[in-house]
Structures are given as C-alpha cells and as structure tokens.
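Report on one structure; see the data block that follows.
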Amino acid sequence: MRSSSRARILWLWVLVSILALSAACSGPGGAGKSVNPETVAMDFTTAFLQGDLEKAKEFIKAEAMEKVSQKLDKSAAIMGQYETTNLEIGSTRPWSFGGESDKRVEIRFDFRRKGASDEQWSIGLLAVRVVTTGGTWKITDLELVRPAK
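For the sequence shown, the numbering used here assigns the number 1149 to the last residue and increments by one with no breaks.
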C-alpha cells in the first residue's frame, strides 16, 4: 500500500509540474508571448506564408505596425506567386548592435512557382527582427531576402 501512495504522489507531482510549465510558456496575452524569439519568428512566418496576414500581424509590435505592415503586404504580393514548404530556423544572432533583446532570426524555406511541378525547388530566406520588453517577443522589422524582385 505504501508504494501505491508514493506512486500517486509522484504522478500528481509530474502532472502539476507539466501544467505549471505549460502555463509559464504560454502565459497570458496570446500571440507574441513566448520564451524565445525563434518561436515567435516561426509562428509569424508560418502565418505569413499561409497567407494569413491578420494572424501574422498579431506578432508585430504596435509601435512598428505601420512600417512592418507595408513590408508584409509587399512581401505577401511576391510570395503569392509561390508555394512553400520545409520551414526551419536558419540562424539567430543580434540584429546589429541591439544586444540580447534585439534578435535577427532567419527562417529558411523551400519555394517554387505555383503550378510549376516540374520546376526545381529553391531556398527562400526571410529575416525577422524580434525584440523583447518584459518577456514578450514581438516583430519590429522583416526582410524577404529570397525570393526578391
């Protein structure tokens, strides 16, 4: 009976730990709340490449909304011609001299023109500037490196 009681206590401790970790990672506030810039950049890029610009805009910092929205719309017009697959984090480093709270996250993806099944896939690159204030990571700039017009 004693080992059964210990097993229940251990199981309860594991369950509570998992729930606490899950709550800490998601946090209140919805989109943009994350423990790392890569997650925000990947979620933003996924929404963007799927054509869900409203969802993508949830990850943009309010003060940068106008500038980033213009770049987002221009990039979406370019990406509308392509199909994409295989998103992955390319690299993460300081944006320039912004320090630890200012990251450049590069997302690599494969792309080819829509409907061109005989066309070779090319490697695309989207660089996203992600900053944090108070633990909330938000997008403040983006650069569609490839494909470009």
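C-beta atoms are modelled at their ideal positions from N, C-alpha and C, and glycine is treated no differently.
Are the Cβ atoms of R1104 and R1093 separated by less than 7 Å?
yes
Considering only residues of the same chain and omitting the five flanking positions on each side of F1044, which have a CB-CB separation below 7 Å?
A1056, F1059, V1128 and I1139
Can you grab the Cα-Cα spacing for the pair D1141 / V1040, in whole Å?
13 Å
So, are the CB atoms of V1068 and D1102 less than 7 Å apart?
no
Short Cβ contact (7 Å threshold) for W1137 with P1037:
yes
Taking the Cβ atom as the reference point for each residue, do K1114 and E1083 lie within a distance shorter than 7 Å?
yes
Look up D1141 in the DSSP assignment and say whether it is helix, strand or coil.
strand
Drop a sphere of 10 angstroms on the beta-carbon of G1135, count the other beta-carbons inside from all chains shown, and report buried for 16 or more, exposed for fewer.
exposed
Have a look at M1065, I1078 and D1118 and flag the residue whose alpha-carbon is nearest the alpha-carbon of L1049.
I1078
Where does the unbroken alpha helix (DSSP H) through S1075 begin, and where does it stop?
M1065 to M1079
May I have a chain-ordered list of the beta strand (DSSP E) segments no shorter than 3 residues that lie completely inside the stretch 1098-1130?
1102-1113
Under the three-state reduction of DSSP, which class applies to S1091: helix, strand or coil?
strand
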